[in-house]
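> My questions all concern the structure below.
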Amino acid sequence: MRVTISEFARLVGLAPSALRFYDDCGLLPPAEVDAANGYRYYDQSQRARARLLRDLREIDLPLPEVRVALDADPSEVAEVVRAHLRTLEARSAATRTAAANLLTQLLAEHTTAVLGGPELASAIRQVTPTAAVHSEDNLVLSCVLIELGPDELSFVATDRYRMAVRTVRPVEFGGASGQVLVPADQLAAVSRWAAAGDIVRIEARSGERVRLAYGDEVRELDTIDAEYPAYQAILDNLTPPACRVVVDRLNLLDALTGREVVAFDIDPEAVRIGDEVKLDAVGSGSVRIGFTAGLLAAALEASVGPDVLLEICASDRPAVVRSADQGTFTTLVMPVRLDG
């Protein structure tokens, strides 16, 4: 049974003008065109193709890829959609970074954030050890990224083998959201000073030094004009963990002493290192995974509380180390390949 373009448009959720466009593109030609008046008629059998076309365009799939997908089997269409989602996610991360950089450049007034001094000192202590050792060849990674926003401040550091992220909720915030890069060694140097302050005010302006102040005391930090790795994209793209266990933090730290590389066999009830170490654990999933002992130990030392949560998606993917008692601090640690 054939219907007019208006009726077909209603059936498939497309505007008649869109159907004319897709006809012109060769993606969805009508079943019949009246030679006398040019009216388009569509067959009921075209409804599935039209709805797929509508859905693909709703996710902004480019027309060349739509053309391929329309004539593919469902599994091939699914792969086209997955590839498109990966492209959108990468583009979104790049857009967020560009927008944050632009906002930083456009700040006409100081961006100010007020937070507790002990909280700032804690964030500095947890994050700065993860930054790379300072060198002219590795300037960006020897810095800490501070993201300033009305809902939270994020402190981020990475040396590419591990990454630490601590968030703190500001007591007050003024100005536009933005971000600054400050040398990790300079930030670490003000940790004890910040801990003595009831509240500390952070003031940032594009192209100027960052000011930290409480009472009449002020500390200034250099800023680096450079692009920081897109850390949020890394966090957003983490695969859901196949293994999650809570284990005693200090016992796990002790088990790493004197080792260079450690191989863990983890199950829902225990974390084992060969036959010599068995630590009680609570969780789900099983995995065998290796770490450089020093990197994992640093992540454990930066955590707080008696327990630590390990989240592992695979033996060759970054493991997430979280303080069981502090959800605002997260560390990612890269594993190492185990022989055999």
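Residue numbers (my numbering): 794 to 1133.
Every residue gets a Cβ at the ideal spot worked out from N, C-alpha and C, and that includes glycine.
Quick caveat: nothing in here was measured; it's all calculated off a predicted structure.
What are the boundary residues of the alpha helix (DSSP H) that residue 919 is part of?
910-920
> So, do the region 1009-1020 and the region 1044-1063 have three or more beta carbon pairs nearer to each other than 8 Å?
Contact between the region 1009-1020 and the region 1044-1063 is absent: fewer than 3 CB-CB pairs across the two stretches fall below 8 Å.
> With DSSP as the reference, label residue 1036 as helix, strand or coil.
strand
> Can you check which of these residues, 1059, 1076, 1001 and 1079, is closest to residue 1070 by C-alpha distance?
Closest option to residue 1070, Cα to Cα, is 1059.
> Using the rule of at least 16 other Cβ atoms within 10 Å of the residue's Cβ for burial, across every protein chain shown, is residue 794 buried or exposed?
exposed
> Out of 1023, 999, 835 and 862, which one is the CA nearest neighbour of residue 905?
999
> Whole angstroms is fine: what's the gap from residue 989's alpha carbon to residue 850's?
When rounded, the distance between both Cα atoms is 57 Å.
> Can you give me the C-alpha to C-alpha distance between residue 934 and residue 926, rounded to a whole angstrom?
8 Å
> Classify residue 1032 as buried or exposed, calling it buried when 16 or more other Cβ atoms lie within 10 Å of its own Cβ.
exposed
> Give the DSSP-derived three-state secondary structure of residue 1007 in the structure shown.
Under the three-state reduction of DSSP, residue 1007 is assigned to strand.
> Check each candidate in 921, 1063 and 964 and name the one with the smallest Cα separation from residue 941.
964
> Does the region 1061-1080 come close enough to the region 1120-1128 that 3 or more CB-CB pairs lie under 8 Å?
No, the region 1120-1128 is not in contact with the region 1061-1080.
> Got a sec? Which residues, its chain only, sit under 7 Å from residue 799 by beta carbon, not counting five neighbours each side?
Closer than 7 Å at Cβ, skipping near neighbours: 809.
> Among 806, 830 and 871, which one has its Cα closest to the Cα of residue 839?
That would be 806, whose Cα lies nearest to the Cα of residue 839.
> The beta strand (DSSP E) with residue 1062 in it runs from where to where?
Residue 1062 -> no beta strand (DSSP E), and no H or E assigned at all.
> Return the bridge partner residues of residue 995 from the DSSP annotation.
906 and 1005
> For residue 1134 versus residue 890, is the C-beta spacing smaller than 8 Å?
Absent from the model: residue 1134. The displayed extent of the chain is 794 to 1133, so no value can be given.
> Whole angstroms is fine: what's the gap from residue 1103's alpha carbon to residue 819's?
53 Å
> Could you check the C-alpha separation between residue 842 and residue 872 for me, to the nearest Å?
C-alpha of residue 842 to C-alpha of residue 872: approximately 18 Å in a straight line.
> Is it the case that the CB of residue 1096 approaches a heavy atom of the ligand ZN more closely than 7 Å?
Absence of the ligand ZN from the depicted structure is noted, as is the absence of any ligand whatsoever, leaving it without description.
> Which partner residues of residue 1119 appear in the DSSP bridge assignment?
Looking at the DSSP output, residue 1119 bridges to 1116.
> Nearest-angstrom Cα distance between residue 1041 and residue 857?
54 Å
> Would you mind reading off the limits of the beta strand (DSSP E) that contains residue 1074?
1070-1077
> Can you give the beta carbon distance from residue 1075 to residue 1039, rounded, assuming they're within the 8 Å contact cut?
5 Å
> Could you say which of 984, 877 and 845 lies nearest to residue 864 if we only look at CA atoms?
845
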